[in-house]
Amino acid sequence: MGLLENKDDLKELVEKLNFKEKVDRSLALIEEAYKKYKDGLVVANSLGKDSVAVWDLAKRVSPKIKGFIVTTRFKPQETKRFMQSTVAKYPELKVYESDAKIPNDLYKSDPDKCCDILKVEPVKRAVEEMHVTCWVTGLRCTEGRTRTDYKEVEERDKGLIKLNPILIWKEREIWQYLAIYQVPVNQLYAEGYRSLGCAPCTHISSDENERSGRWIGTSKCGGECGIHTRPLKNYKGAGI
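Counting with the working numbering, you get residues 57 to 296 for the letters of the sequence shown.
Structure below.
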């Protein structure tokens with residue numbers, strides 16, 4: 057049985073495996089999936105620390121692996137500059153963005169709807185246009201309260217596999233990898249941010265929860281934008 061069909065206890069692996077073992081496991085997961093799904097395997101790169109680690113791992117498996125980035129009109133300038141430099145280096149990263157007309161303060165009145173339009177819909181479009189059968193993410197089960205029930209290999213949408221190759225990594229192991237392999241990161245991390253999103257909904261937080269600075273003061277605080285919780289198949293186009 058390959059890693060894609062494993063039934064391992066993830067909570068045990070988080071503590072049991074050392075850094076090198078986790079790196080090797082992640083590489084093996086991506087390699088096995090790439091052999092199975094070929095060009096249908098595509099990396100979702102949010103430009104956050106976890107995503108750039110996964111992107112680097114994927115490129116070590118094969119330089120032919122492609123990816124996509126979803127950006128929004130509310131991304132910080134630092135993130136936009138980082139995106140431009142990343143895409144300049146890796147033109148195989150396709151950028152998606154919604155141009156739907158929305159109220160400028162929708163993120164205050166209805167953050168879920170704002171995320172659905174500006175983040176989830178472009179991901180649906182990427183999945184369709186890039187003919188994705190397996191999308192690779194930077195999810196980690198140690199990252200926050202909403203990310204504890206994921207598996208390394210999932211099929212939440214029929215016909216669309218989600219691969220979470222660094223699911224069992226800890227935050228310090230991400231930074232260890234980025235330092236060892238000299239992977240460039242968004243400069244906002246040097247200012248104290250631990251989780252990055254749109255500027256109005258991302259703040260520096262000293263809370264133990266890694267994602268506690270996201271959507272502060274709303275029901276989404278420390279939660280999800282919807283990309284990992286909403287259906288991604290059968291794209292019909294954005295609307296409001």
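Idealized CB from N, CA, C, for every residue including glycine.
Which residue comes first and which comes last in the alpha helix (DSSP H) that contains residue i?
i: Val192; result: Val192 -> not in any alpha helix (DSSP H); beta strand (DSSP E) instead, spanning Cys190 to Val192.
i: Lys218; result: Not the alpha helix (DSSP H): Lys218 falls in the beta strand (DSSP E), residues Leu216 to Leu219.
i: Val75; result: Reading off the sequence shown, one finds Phe at residue 75, where the question assumed Val. Where Phe75 is concerned, the enclosing alpha helix (DSSP H) stretches over Phe75 to Tyr93.
i: Lys72; result: Leu66 to Lys72
i: Ala182; result: Glu177 to Glu185
i: Ser268; result: No alpha helix (DSSP H) holds Ser268; DSSP gives it neither H nor E.
i: Ala163; result: Looking at the sequence shown, residue 163 is not Ala but Tyr. Where Tyr163 is concerned, the enclosing alpha helix (DSSP H) stretches over Leu162 to Ser165.
Between the options, which has its C-alpha nearest residue i's C-alpha?
i: Leu244; options: Glu229, Lys207, Tyr233 and Ser261; result: Ser261
i: Lys120; options: Asp95, Lys67 and Gly58; result: Asp95
i: Lys105; options: Ser251, Lys67 and Lys214; result: Ser251
i: Glu247; options: Glu134, Ile173, Lys180 and Cys170; result: Glu134
i: Cys254; options: Leu219, Lys76, Pro240 and Tyr163; result: Tyr163
i: Tyr90; options: His259, Pro221 and Ser268; result: Pro221
i: Gln140; options: Pro167, Ser118, Leu103 and Val179; result: Leu103
i: Lys157; options: Glu148, Lys169, Pro147 and Tyr146; result: Lys169
i: Val108; options: Glu184, Pro240 and Asp263; result: Pro240
i: Pro256; options: Asp172, Gly58, Leu69 and Asp161; result: Asp161
i: Glu184; options: Arg116, Glu61, Leu288 and Val79; result: Leu288
i: Leu83; options: Val117, Thr258 and Lys175; result: Val117
i: Asp65; options: Val110, Ile224 and Glu266; result: Ile224
i: Ala100; options: Asp166, Phe75, Lys218 and Glu264; result: Lys218
i: Val179; options: Glu266, Leu59, Ile283 and Tyr93; result: Ile283
i: Glu266; options: Tyr206, Thr198 and His187; result: Thr198
i: Asp112; options: Ala182, Glu88 and Thr142; result: Thr142
Mind checking which residues open and close the beta strand (DSSP E) that includes residue i?
i: Asp213; result: Val209 to Asp213
i: Ala100; result: Leu97 to Ala100
i: Val239; result: Counting along the chain, Val239 falls outside any beta strand (DSSP E), and DSSP gives it neither H nor E.
i: Tyr152; result: Leu149 to Tyr152
i: Lys4; result: As displayed, the chain neither begins before 57 nor continues past 296, which places residue 4 out of reach and without an answer.
For residue i, count neighbouring Cβ atoms within 10 angstroms of its own Cβ and tell me buried if that reaches 16, exposed if not.
i: Glu177; result: buried
i: Ile86; result: buried
i: Lys214; result: exposed
i: Tyr249; result: buried
i: Tyr237; result: exposed
i: Ala144; result: exposed
i: Arg137; result: exposed
i: Asp172; result: buried
i: Ala235; result: exposed
i: Glu208; result: buried
i: Ser268; result: buried
Which class does residue i belong to by DSSP, given the choice of helix, strand or coil?
i: Thr135; result: helix
i: Thr258; result: strand
i: Ala294; result: Only weak support exists for where Ala294 lies, its pLDDT of 42 falling under 50; the coordinates are left without a value.
i: Cys170; result: helix
i: Ala109; result: helix
i: Thr145; result: Per the sequence shown, residue 145 should be read as Lys rather than Thr. Looking at Lys145 - three-state DSSP - the assignment turns out to be helix.
i: Ala114; result: helix
i: Trp225; result: coil
i: Leu60; result: helix
i: Ile230; result: helix
i: Ala156; result: coil
i: Glu247; result: helix
Three-pair Cβ contact test at 8 Å for the region 178-196 versus the region 219-239: Yes: the two stretches touch, three or more of their Cβ pairs being nearer than 8 Å.
Cβ contact check for the region 116-127 and the region 152-160: 3 or more pairs under 8 Å: Yes: at least three Cβ pairs fall under 8 Å.
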